[in-house]
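>
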Amino acid sequence: MNPVEKGIVRRKLTVIVENLKALEPIKDMTGDKYIQDLYKRKATERLLQEIIEAAVDINTHIIVQAGHTVPDDYYGTFIKAGELKIISTDLAEKLAPSAGLRNRLVHEYDLIDHSLVLEAVRMVEEFYSEYVKEIEDYISK
Numbered sequence: 043m044n045p046v047e048k049g050i051v052r053r054k055l056t057v058i059v060e061n062l063k064a065l066e067p068i069k070d071m072t073g074d075k076y077i078q079d080l081y082k083r084k085a086t087e088r089l090l091q092e093i094i095e096a097a098v099d100i101n102t103h104i105i106v107q108a109g110h111t112v113p114d115d116y117y118g119t120f121i122k123a124g125e126l127k128i129i130s131t132d133l134a135e136k137l138a139p140s141a142g143l144r145n146r147l148v149h150e151y152d153l154i155d156h157s158l159v160l161e162a163v164r165m166v167e168e169f170y171s172e173y174v175k176e177i178e179d180y181i182s183k
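The sequence shown begins at 43 in the numbering used here and counts up by one.
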């Protein structure tokens with residue numbers, strides 16, 4: 043078992059925090075305004091993608107450093123992080139579906155339901171803010 047490299051984890055946490063802050067003006071937009079603004083939609087999609095990928099990178103790093111096998115998919119990294127008490131099981135179960143959002147943003151960008159992405163911004167703000175706190179608590183032990 044190797045120690046967690048806190049610098050790596052904190053750098054990824056910074057990406058999450060900065061992207062959450064950048065999403066703040068989006069969460070209050072009406073669906074119509076959001077859908078009509080191509081640049082805000084594309085920026086939102088990229089910010090969400092980076093948040094989710096940073097969290098997956100953190101999960102993977104900590105799981106590996108703890109001497110465990112990394113799950114085969116992004117969803118599984120959240121579940122495994124919950125099982126290993128890196129984050130709470132409850133939070134892990136709430137965050138795991140965001141892996142599917144990331145996959146849709148990356149691979150099915152031409153089929154995206156923009157109203158669901160706007161809805162996801164609100165969910166991401168709540169759950170990923172908690173994720174940042176729980177990861178910081180974990181690495182500070």
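No residue lacks a Cβ here, since even glycine has one placed at the ideal position from N, Cα and C.
Give a yes or no on contact between the region 103–118 and the region 153–160, applying the rule of three or more CB pairs nearer than 8 Å.
No contact exists between the region 103–118 and the region 153–160.
> Give the straight-line distance between the Cα atoms of GLU66 and ALA97, rounded to the nearest whole angstrom.
By one-based count along the sequence shown, residue 66 stands at place 24. By one-based count along the sequence shown, residue 97 stands at place 55. Distance between the alpha carbons of GLU66 and ALA97: 19 Å.
> What residue range does the alpha helix (DSSP H) around PRO67 cover?
To locate residue 67, count along the sequence shown from 1; it is residue 25. PRO67 -> alpha helix (DSSP H) spans 48–69.
> Counting only the same chain and skipping the five closest in sequence on each side, list residues whose C-beta sits under 6 Å from that of PRO113.
Counted from its first residue, the sequence shown places residue 113 at position 71. For PRO113, where only same-chain residues beyond five positions count, the Cβ hits under 6 Å are THR119 and LYS122.
> Look at the Cβ atom of ASN61, then the Cβ atom of LEU90, and state whether they are nearer than 9 Å.
In the sequence shown, the residue the question calls residue 61 occupies position 19. In the sequence shown, the residue the question calls residue 90 occupies position 48. In contact: ASN61 and LEU90 (Cβ atoms closer than 9 Å).
> Taking 8 Å as the threshold, find out whether the region 122–135 comes into contact with the region 162–176 through three or more Cβ pairs.
Output reads yes: the region 162–176 touches the region 122–135.
> Do you know offhand how far LEU143's Cα is from LYS183's?
One-based indexing of the sequence shown puts residue 143 at position 101. One-based indexing of the sequence shown puts residue 183 at position 141. Distance between the alpha carbons of LEU143 and LYS183 is about 31 Å.
> State buried or exposed for LEU55, treating a residue as buried only when at least 16 other CB atoms are found within 10 Å of its CB.
Working through the sequence shown from its first residue, we reach residue 55 at position 13. The residue in question, LEU55, is buried, as its Cβ has 16 or more Cβ neighbours within 10 Å.
> Report the CB separation of ILE94 from ALA141 in whole angstroms; it is logged as a contact under 8 Å.
As a position in the sequence shown, residue 94 is number 52, starting the count at 1. As a position in the sequence shown, residue 141 is number 99, starting the count at 1. Indeed they touch by this definition, with Cβ atoms about 7 Å apart.
> Can you tell which of GLU47, LYS84, ALA64 and TYR180 has the C-alpha that lies nearest to the C-alpha of ILE154?
In the sequence shown, counting from the first residue as 1, residue 154 sits at position 112. Looking at the Cα atoms, LYS84 is the closest of the given residues.
> State yes or no: is the C-beta of ILE129 within less than 9 Å of the C-beta of LYS48?
Residue mapping note: residue 129 aligns to position 87 of the sequence shown, counting from 1. Residue mapping note: residue 48 aligns to position 6 of the sequence shown, counting from 1. Contact flag unset, no.
> Between which residues of its own chain and LEU126 is the CB-CB distance below 7 Å, once the five residues before and five after are set aside?
Counting from 1 along the sequence shown, the entry for residue 126 is found at position 84. Within the same chain, LEU126 has close Cβ partners ILE105, ALA108 and HIS110.
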